[in-house]
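Report on the structure given below.
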Amino acid sequence: MSEKKPGIIRRFFRFIGNIVTGIRYLFSLLFVGLFLMVIVGMFAEDIQPIPDKGALYLAPSGVLVDQKTYTDPFDQIFMGNSQQDSETLVRDVIEALDTARIDSRITHLLLDTDYMAGGGISKLEEISTALLRFKKSGKPIIAVGDNFNQQQYFLAAHADEILLNPLGSVSITGFGLYNSYFKEALDKLNINMHVFRVGDYKSAVEPFLRNNMSPNVKQENRELVDSLWQFYSSQVEHLRGLPDGAIDDFANNLHLKLQAANGDTSALAKQQNLVDQIATRTQMFAYLNEVLPGTDGEFDSINMKAYLNHNRLTSRTSAAAKAHKVALVVAKGSIVDGEQPEGTIGGDTLASIFARLRDEDEVKAVVLRIDSGGGSAFASDIIRDAISATQKKGIPVVVSMGSYAASGGYWIAADADRVLALSTTLTGSIGVFGIVPTVEDSLAALGVYSDGVGTTNIAGMMRLDRPMSKQSEMIFQAGVDNIYTRFISLVADGRNSTPAAVHEIAQGRVWTGEKALGLGLVDQLGDLNDAIKVAAELANLAEYEVDYRRKPLTVYEQLLMEMSSNISASFTGLGINSWLPNSLRQQAKVILKPLQVLDTLTDPRGIYLYCDSCPL
-14 MSEKKPGIIR RFFRFIGNIV TGIRYLFSLL FVGLFLMVIV GMFAEDIQPI
36 PDKGALYLAP SGVLVDQKTY TDPFDQIFMG NSQQDSETLV RDVIEALDTA
86 RIDSRITHLL LDTDYMAGGG ISKLEEISTA LLRFKKSGKP IIAVGDNFNQ
136 QQYFLAAHAD EILLNPLGSV SITGFGLYNS YFKEALDKLN INMHVFRVGD
186 YKSAVEPFLR NNMSPNVKQE NRELVDSLWQ FYSSQVEHLR GLPDGAIDDF
236 ANNLHLKLQA ANGDTSALAK QQNLVDQIAT RTQMFAYLNE VLPGTDGEFD
286 SINMKAYLNH NRLTSRTSAA AKAHKVALVV AKGSIVDGEQ PEGTIGGDTL
336 ASIFARLRDE DEVKAVVLRI DSGGGSAFAS DIIRDAISAT QKKGIPVVVS
386 MGSYAASGGY WIAADADRVL ALSTTLTGSI GVFGIVPTVE DSLAALGVYS
436 DGVGTTNIAG MMRLDRPMSK QSEMIFQAGV DNIYTRFISL VADGRNSTPA
486 AVHEIAQGRV WTGEKALGLG LVDQLGDLND AIKVAAELAN LAEYEVDYRR
536 KPLTVYEQLL MEMSSNISAS FTGLGINSWL PNSLRQQAKV ILKPLQVLDT
586 LTDPRGIYLY CDSCPL
C-alpha cells in the first residue's frame, strides 16, 4: 500500500520550516564568519609594531568625550549609526601623549585635527596640559590641517610648527551662549507649560516661558563666556607668541583683515602668525619626509590606537597585577532613572557599580569622573546615597569634574571626600525646577474635551488633557521648594558651610571651576590624573593600579561590539543619518536642544536638577 501523501497544509508549513531552518543556518555561518573576522582583526591590530624611530600620529576623531555613547551593535552594522566611531576618549589621548613623551622610539608628535569635531573647552584644557608635558620632553610637535576651526586650532597652537592647506583657513569666532525660545510657538499650539522653580538663574525652563533671554540669565552667561574666552585667547596668544589682544583683534576685525588679504584665508592666517607654512597635501608629505625619521624615503609613524594597543598588551603581559586598586567610574550625560546605557547616567546603573566596588577588598579608593549637567532629582539622590554607602565602608571617593558637573551633577559631587575641577569646568547651578505641559486648549481647538468625576479635588491632576488647578500648582511648588532646601543643605554638609551661605551662591548660578574654587564648591583645580593621585593619597597607597569600571556587558554584547567596530564601515552607506549633511544635523541639535531636554525628564515627581548653560 502506497504511503499517504502529506496534505497541502502540512506541505506548506514544512516548506516554511525549511526556509526558517535555512535562514538559521545562514545566520549561523554569517555569525561564525564575522567572529573570525573580528579575531583576525584584533590580533592584526595588537601586533602592529612601533617604529624604532618615528612619530606618534595623533588624529582625534569626532567628539572628545569622557565616555563613549553606547549604540546598539546591530544599528552600527546595518544602519550606519556608529556613535562610538565619532567619539574619542580624552583619557586615551592623554595616555598616548604621556607614554610617548618618555618613549625613546617616539621622536615627534604629528598632530592632525581635521577629523576632530570638538568637545568643549574643558576637554581641550585637559589635553593641553598633556601636550605641554610632551613639549617639556624636548620632542617637537608638528600640526597639519586642511582647515582649523576654533577648537582644533587650540590644540594646534601647541605645535612648534603649523602647516595649513592653501585653500584652508583658521576660524576663530569667540564663544557664545544662544538659545531657541518657544513661548510664541507653544501659544499658537495652545500648549500650556506649567513651570515651578527655585533660583533666579535657573534658565532651563526659560525657552518655554519667554521669547528671549532674561536679564539675570544674560548677565550670568556674559560672565561665563567672557571668562572662558579670556582663558582661550590668552592661552593661544602665549603659545604662539602673539601680543595681548591679538586674538580679539583677529576675530573682531576679520572682515577688514580678510578684505585686505584679497579674501585669501590661508595667507591671512600666515600673515597673522597663526600658522607657519602654507602647503598642499603633497607638499606636507614631502616636508614630513624631510624632517621626520623614516625608512625608504618616507617618515615612520604609528597612530594613537595602534600605539595604545601595543603598549597595553605589553604592560598586561609583563607587569604583575598590583594588590590595591583605585577604581575609576565615569558618569557622563543626563541623569535619568533606572538602568541606562553608557552615555547616559542611570541612577540604578551607577548605584549598582558602586555596590560592586564596595564588596571588592582590593578596591581602596574611587574616582568618580562627572561630565553631566544634571537631570532627575530622584536619580541624583540614588547615586548620592550609593556614594555615601561607599564612604561609610572606609573607601574614599574623589570627584573629578570634566566639562561640567552642575545641578544634578553637583548634587552627586557635593559629599565627596575631595572635589577637583578644571579651571574651565562649569559647575554649581544649585537650583531646582519642575515642568508639566497640559494640552487641554489644543484638544479643545480640535473638538476634544475631558470630563469625568473624582473622589478628591486632586484626582486626575496629572492628566495632560485637563487644566492644572491651583491646588496642583501649590503641590508642585511645595515639592520643588523642598528639594531646593535639601539641595543647599546637603551642599552645606558636604562643603562644611551653612545653608544660608550656600543659598547666596546657589539660586541656579553657574560658575567656572576657577571661581568655584574661591567659593568653596571645589577643593582644588586639577585634571583626572590629579584626582587619581589624590584618591591614592587619601587611601595611603604607595603602589596601586587604576581600574576603569563600567556597566558590565555580556559576552554576547562584547562580541557584537567588536564585530560592529570592525565591519560597520562596510554598511555606512545604508545609514539613514548619511542622508543628511553633518553640518545640518549639528545645527538642528543646537536649535532643538531645549526640546531634546524634555525627552530626559523622567523623574517620578517631575522635579529636576538641570543646567541649561553647561554644554558650552
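Residue numbers for the sequence shown, in the working numbering: -14 to 601.
Just so it is clear, CB atoms sit at the ideal spot from N, CA and C, and this is done for glycine as well.
Residue i (DSSP reduced to helix, strand or coil)
i      : result
Phe423 : According to the sequence provided, residue 423 is Thr. The question's Phe does not apply to it. Three-state DSSP puts Thr423 in a strand.
Leu149 : strand
Glu522 : helix
Ala40  : strand
Ala390 : strand
Val50  : strand
Ser361 : strand
Arg535 : coil
Asn201 : helix
Asn562 : Any reading at Asn562 is ruled out, since the residue's pLDDT is 40, under 50, leaving its predicted position unreliable.
Thr441 : coil
Met453 : coil
Pro484 : helix
Arg195 : coil
Gly226 : coil
Ser602 : Residue 602 is absent from the structure shown; the chain starts at -14 and stops at 601.
Gly432 : coil
Ile397 : coil
Val190 : coil
Ile372 : helix
Ile35  : coil
Ala632 : For the chain, the structure presents residues -14 to 601; residue 632 sits outside this window and is missing.
Per DSSP, cross-strand counterpart(s) of residue i
i      : result
Gln509 : Leu405
Trp496 : Thr412
Glu530 : Lys310
Met447 : According to DSSP, which records beta bridges pairwise, Met447 is partnered with nothing at all.
Gly379 : In DSSP, Gly379 forms no bridge with anything.
Ser385 : Arg354, Leu405
Leu213 : Answer by DSSP bridge pairing: none, since Leu213 is not bridged.
Distance, residue j Cα to residue i Cα
i      : j      : result
Thr409 : Ala429 : 49 Å
Asn196 : Val190 : 12 Å
Leu356 : Lys317 : Note that residue 356 is Asp in the sequence shown here, rather than Leu. Straight-line Cα distance between these residues: approximately 5 Å.
Val421 : His179 : 5 Å
Asp344 : Asn288 : 39 Å
Gly394 : Ile106 : 18 Å
Arg266 : Asn150 : 7 Å
Cys596 : Ser188 : 8 Å
Pro537 : Val382 : 21 Å
Val424 : Gln462 : 20 Å
Leu502 : Ser212 : 14 Å
Ser361 : Ile397 : 11 Å
Ser388 : Gly437 : 49 Å
Ile473 : Pro200 : 24 Å
Ser113 : Lys203 : 30 Å
Ser563 : Ala102 : Residue confidence for Ser563 is low, a pLDDT of 40 falling below 50, so the modelled location carries little weight and cannot support an answer.
Arg297 : Ile79  : 14 Å
Gly379 : Leu82  : 34 Å
Ser154 : Asn294 : 34 Å
Val476 : Ala399 : 5 Å
Leu171 : Arg448 : 18 Å
Met446 : Ser457 : 7 Å
Asp515 : His309 : 18 Å
Ile460 : Arg471 : 17 Å
Beta carbon proximity, residue i to chain D, threshold 7 Å
i      : result
Ala399 : Protein chain content of the structure displayed is limited to a single chain, and chain D is not contained in it.
**Request:** Tell me the start and end of each unbroken alpha helix (DSSP H) in the segment 235 to 299 that is at least 4 residues and wholly inside, in chain order.
**Result:** 239 to 245, 250 to 256, 266 to 276
**Message:** In chain order, what are the residue ranges of uninterrupted alpha helix (DSSP H) at least 4 long that sit wholly in the segment 61 to 143?
**Reply:** 75 to 86, 106 to 121, 135 to 141
**Message:** Is it the case that the segment 89 to 96 contacts the segment 115 to 127, given that we only count it when at least three CB pairs across the two stretches are under 8 Å?
**Reply:** yes
**Asked** Which runs of the beta strand (DSSP E) spanning at least 3 residues fall entirely within the segment 154 to 187, listed in chain order?
**Response** 177 to 183
**Prompt:** Taking only runs of the alpha helix (DSSP H) that begin and end inside the segment 312 to 359, which ones reach a length of at least 4 residues, in chain order?
**Reply:** 332 to 343
**Request:** May I ask you to verify whether the segment 435 to 446 touches the segment 154 to 170, counting CB pairs closer than 8 Å and requiring at least 3?
**Result:** no
**Asked** When the Cβ atoms of the segment 398 to 405 are set against those of the segment 471 to 486, are three or more pairs found closer than 8 Å?
**Response** yes
**Prompt:** Looking at C-beta atoms only, is the number of pairs between the segment 503 to 511 and the segment 270 to 288 that lie closer than 8 Å three or more?
**Reply:** no
**Asked** On the three-pair Cβ rule with 8 Å, is the segment 347 to 355 touching the segment 315 to 330?
**Response** yes
**Request:** Taking 8 Å as the threshold, find out whether the segment 134 to 146 comes into contact with the segment 214 to 224 through three or more Cβ pairs.
**Result:** yes
**the segment 248 to 265 contacting the segment 273 to 281, beta-carbon criterion three pairs below 8 Å** = no
**Request:** Examine the Cβ distances between the segment 41 to 49 and the segment 320 to 329 and report whether three or more of them are shorter than 8 Å.
**Result:** no
**Request:** Take every Cβ of the segment 411 to 421, pair it with every Cβ of the segment 488 to 503, and state whether three or more of those distances are shorter than 8 Å.
**Result:** yes
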